[in-house]
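Residue numbers (our numbering), protein chains in the order written: chain A, 1 to 778; chain B, 1001 to 1259.
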């Protein structure tokens, strides 16, 4: 099925339902509008709108804070609510379609806020499963390494999301690989979401409104990755008054300024962060050292302007970079740049449209500049993307979402520029260009009062384009065919149907059963044979040799709200089968290698597990307990004799406990404890000597386990008088409070006392680390 | 390139308060596996060691296999029968003299099992000078020995460097290829992070030109580091049944006194 014929059938489909909507128009009218924070004017995402008399009738705001609800005409009392906000009732006399914009007041710590049936009940009612919403406001007290608030580290405390390693902002979702996560910042794909080899994420939490992580039941508008989508939304900026906030921390300082462009119609937000570890290097007397650099920075900026009641424009951008340099001899820098332009258009009270244009780029440069060596290495990946998304609300039991997504990507794998007398040759590997076309349609529908479902289909089509020389390899990695393609010529195409289904069935007493199935296809792959996250890890597109990775995931869940909605409980079980997984030949050469695809092995994977989460969202004491029991395995012909083996991130048990307590109006204390089974690793099971050198003998991939990991962190925040215009706060933290020596690396070496004896040694990265941050806001 | 990677890792090491200690790990004892390491060079006796892997905890890392039948054939010229000169170590009784053709074949019979491999000896690339270089890293001077040579353009070359400091046994420093510097006039800085060179140290360097399979073996060995996601045995020319390599190489030996 081609894209055009798909669009044609989609249109036909919608016309039918358009008529269906009109049949009701005699007796029903639509109320629609935006829900915002009363103080800042920020739109609220996922806020709930329900009928007071019949809480089962209602809807939620979309990611732009827009809602549309079609109701019988007459007097209606609507209840607007959102987690952490005071509930608000509005009586409307509904005689015709009307617009109703509502503002909600923040009230997170009030016990009364908890008992809001409508918002809390969404947790049980919503057919979407495997999703976690993390608002920056909610996580601001969670203690983190060096006091740098980090949304990527906080999501690792949720069941089914595993940390990439000690102190790492990288994460694995439900047994998937690191490159199976799609990370979006205001809809722009972020290729490398970490700074300083993974210890900090690129998301400065000052600039982030909230993040939604989908680990299962992926909505049809998302695609391109197997395991998860992390959709991060930047703050719009205060549209009431100009304000500033910032902080001075152990390793970085931050400053954010936001305010109205035109009061109540538009706002801007600019936020920056820079680390200054290298400023201490300046104190050195040594010229090589005080000329060295080691820092990163982030700059987020966003502006929005409401043209009229129906049209809003958003422009947002991100720019961040890591810079590392030793004297004038060596320089290494890398970073992302993204830009997003969006146009929200309310076609009518039941039809919401969003048009998005995206640019995203990641690159790195290495410069070597000494007397006898002078050359530069560079690589980049960038994309242009256009998306058109429609949301159609024909009735209060039905929402349609459909659209198209065109993504053009270009990879420059490696380029070396060398002078005449350089020690290396200039090199330019062929650029690779590809296009991902996708169209999707999904329908959220409530056929019965107890039954909610979302079903949909995503159709994706990937095309790899010339120019360049493209090779085919046999099973041994030898070239069997090479062919040159011209510009714009299609080298290889893939087409996939990705069905999606999620449903919830409500049982009496605030509980529900949920089910979901989704298929995801992935056409972009990252190659890495090290455990660290390096900016030089190469991206490759699907080709003759690399087939698209596919995942089929089935999940079942039990959701329940307890004790008058104060507690949310969920249990989810999932099974995921993955095809066309990628591994590497021994001693694979993944850098600047024209034949890098010859170094790859292909196999299958499976991951399954049980995830439990008990959460208390509001009140003086809030936090959550999470537990995951899981398994993630791979099977490759050339590895472990074709038997299933544990993936590196296979961790049987994963526990996290997060508690935050409001001690007094001024003081908040918090603690986090995590425990997990060690990673699967490859250790030697023997040794041998050749040419006077002792080498390790390996018998099995990932046949051993790292020691169990556990850690306790504390945090405390003191806030100044809330009533004053200038507010300040101190945040104190202790990372790894009982100074556990968690093994970061275990390696083996010949003993210094007797070279014939071999010993194992452990490197623990972080002992107990205190931190302090001063924050201000006015 | 590898030296530059070190530069990247250095600041990371300085920055973090990492700590290191010795621990006990219970490792399995794998079935012993045969290991064959064969080397042939001109004007030297061919030498092959045959051994088995030992448990990781063993204090004897070399478990010799005696009584093997070992032959090296200089294809088209002569077959050398190797005799056991020490347990597990087999050598020819005469030097291999250069003639036309460069292909060598190794045959090792252990019990009923026979292992064979061939290696083509590359042309010699001669280093034309040797000297001392000084690099300052974070205020500390480190000395290394530099070799200079002209890499032949248009062909893939593989090198392996060994050194002996003040008469100590020869030890491999590294293996390199000319992927990034084909045809260049190359300066190879030999240094070892764990071995500090002092002024007046007498260093003898052997520069070997080796074939691709031998390079793949030693490159795999040197590529395994604590950050490897999946360390594995280096690829063996003997297939799945035995570990090891067979290298026919040419060699140039140079020496210098560290300045």
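Even glycine gets a Cβ: it sits at the ideal position worked out from N, Cα and C.
These numbers were taken from a predicted model, which means no experiment stands behind them.
To the nearest angstrom, how far is the alpha carbon of residue 1113(B) from that of residue 1175(B)? So the alpha carbons of these two residues sit roughly 31 Å apart.
Which of the three DSSP states is assigned to residue 587(A) in this structure? coil
Quick one: grab the DSSP three-state call for residue 1218(B). helix
Can you confirm whether residue 149(A), when its beta carbon is compared against all beta carbons of chain B, has any partner nearer than 7 Å? no
For residue 1209(B), would you say it is in contact with chain A, using Cβ-to-Cβ distances shorter than 7 Å as the test? no
For residue 296(A), would you say it is in contact with chain B, using Cβ-to-Cβ distances shorter than 7 Å as the test? Cβ-Cβ to chain B under 7 Å: no for residue 296(A).
Residues bridged to residue 693(A) [DSSP beta-bridge criterion]: 690(A)
In chain B, which residues lie less than 8 Å from residue 759(A) when you measure between Cβ atoms? 1022
Give a yes or no on whether the minimum CB-CB distance between residue 608(A) and chain B is below 7 Å. no
Quick check on this structure: which residue in 261(A), 219(A), 135(A) and 166(A) has the alpha carbon closest to the alpha carbon of residue 211(A)? Out of 261(A), 219(A), 135(A) and 166(A), 135(A) has the C-alpha closest to the C-alpha of residue 211(A).
Using a C-beta to C-beta distance shorter than 8 Å, which residues of chain A count as neighbours of residue 1062(B)? 688 and 689
Could you check whether residue 1202(B) and residue 1257(B) sit closer than 7 Å to each other, using their CB atoms as the reference points? yes
Cβ pair residue 1204(B), residue 1164(B) closer than 7 Å: yes
Going by beta-carbon coordinates alone, are residue 1230(B) and residue 701(A) separated by less than 7 Å? yes
Selected residue, minimal CA-CA separation from residue 410(A), among 170(A), 427(A) and 434(A): 434(A)
Out of 502(A), 538(A) and 551(A), which one is the CA nearest neighbour of residue 520(A)? Comparing Cα-Cα distances from residue 520(A) to each of 502(A), 538(A) and 551(A), the minimum goes to 551(A).
Counting Cβ pairs, one atom from each stretch, are 3 or more of them under 8 Å apart for the region 220-239 of chain A and the region 247-259 of chain A? Counting Cβ pairs under 8 Å, three or more are found: they touch.
Taking only beta-carbon positions, decide if residue 1229(B) is within less than 7 Å of chain C. Any reference to chain C falls outside this structure, whose protein chains are A and B.
Using only the alpha-carbon positions, how far apart do residue 437(A) and residue 318(A) sit? Within the model, the alpha-carbon separation for residue 437(A) versus residue 318(A) is close to 25 Å.
Quick test of the definition: if touching needs 3 or more C-beta pairs under 8 Å, does the region 589-607 of chain A touch the region 527-538 of chain A? Contact between the region 589-607 of chain A and the region 527-538 of chain A is present: 3 or more CB-CB pairs across the two stretches fall below 8 Å.
Ends of the beta strand (DSSP E) at residue 1254(B)? 1242-1257
Report the residues of the region 421-433 of chain A with a CB closer than 9 Å to any CB of chain B, ordered along the chain. 421, 422, 423, 424, 425 and 427
Segments of 4+ residues assigned as alpha helix (DSSP H) that fall wholly inside the region 141-176 of chain A: Taking only runs of at least 4 residues, the alpha helix (DSSP H) segments lying wholly in the region 141-176 of chain A are 151-155.
Cα-Cα separation, residue 115(A) to residue 85(A): With a pLDDT of only 44 at residue 115(A), under 50, the local geometry of the prediction cannot be trusted, and the value read off the model is given with reservation. For residue 115(A) and residue 85(A), the gap between their C-alpha atoms comes out near 11 Å.
Using the C-alpha atoms, what's the distance from residue 428(A) back to residue 419(A)? Each residue's Cα considered, the two are about 14 Å apart.
I want to verify the contact list: residues of chain A whose CB lies under 7 Å from the CB of residue 1035(B), in sequence order. 688 and 690, listed in chain order.
Any contact between the region 453-463 of chain A and the region 498-509 of chain A? By contact I mean 3 or more CB pairs, one from each, below 8 Å. yes
Could one say the Cβ of residue 531(A) lies closer than 7 Å to chain B's Cβ atoms, at least one of them? yes
To which residues of the same chain is residue 1087(B) closer than 8 Å at the C-beta, ignoring the five residues directly before and after it? Listed in chain order, the non-local C-beta contacts of residue 1087(B) below 8 Å within the same chain comprise 1064 and 1066, local neighbours out to five positions each way being set aside.
Would you tell me roughly how many angstroms separate the C-alpha atoms of residue 710(A) and residue 674(A), rounded to the nearest one? 5 Å
Determine the burial state of residue 249(A): buried for a count of at least 16 other Cβ atoms within 10 Å of its Cβ, exposed for fewer. buried
Please name the residue in 541(A), 90(A), 229(A) and 42(A) whose C-alpha comes closest to that of residue 53(A). 90(A)
When DSSP labels each residue in this structure, what does residue 1148(B) get in the three-state scheme? strand
Does DSSP put residue 79(A) in a helix, in a strand, or in coil? strand
On the DSSP letters alone, give me the boundaries of the beta strand (DSSP E) that residue 1118(B) sits inside. 1113-1120
Would you check if the distance between the CB atom of residue 743(A) and the CB atom of residue 669(A) is smaller than 7 Å? no
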